[in-house]
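Numbering follows the working numbering, with no gaps: position 42 of the sequence shown is 42.
From the three backbone atoms N, C-alpha and C, an ideal C-beta is built for every residue, glycine too.
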Amino acid sequence: MNNITTELSAVATIGLDLAKHVFQVHAIDAAGRVVTTRALRRKDVLTFFESLPCCLIGLEACASAHHWA
């Protein structure tokens, strides 16, 4: 668990693909190296983002994007 916490503290930018049940997260550090790529169930999305430092998040423009933004 410590390694995951250290890994996520390096996140600078996240791409978030919204879906009905499972969201895909792709996170990179300031140098553009992949930090993590994972699938999150809808119920786990807010908890995941609460554990991150402030960062840039890009998400697709769709009907539910305003809710998650």
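Taking a C-beta distance under 7 Å as the contact criterion, A30 and T36 do not qualify as a contact pair.
Sixteen is the threshold: since fewer than 16 other Cβ atoms of the shown chains lie within 10 Å of the Cβ of V22, the residue is exposed. For V22, there is no enclosing alpha helix (DSSP H); the residue is part of the beta strand (DSSP E) that begins and ends at 22-28. The continuous stretches of beta strand (DSSP E) do not include L46, which lies in the alpha helix (DSSP H) extending over residues 45-50. Taking the C-beta atoms as reference points, L56 is found no nearer than 7 Å to V11.
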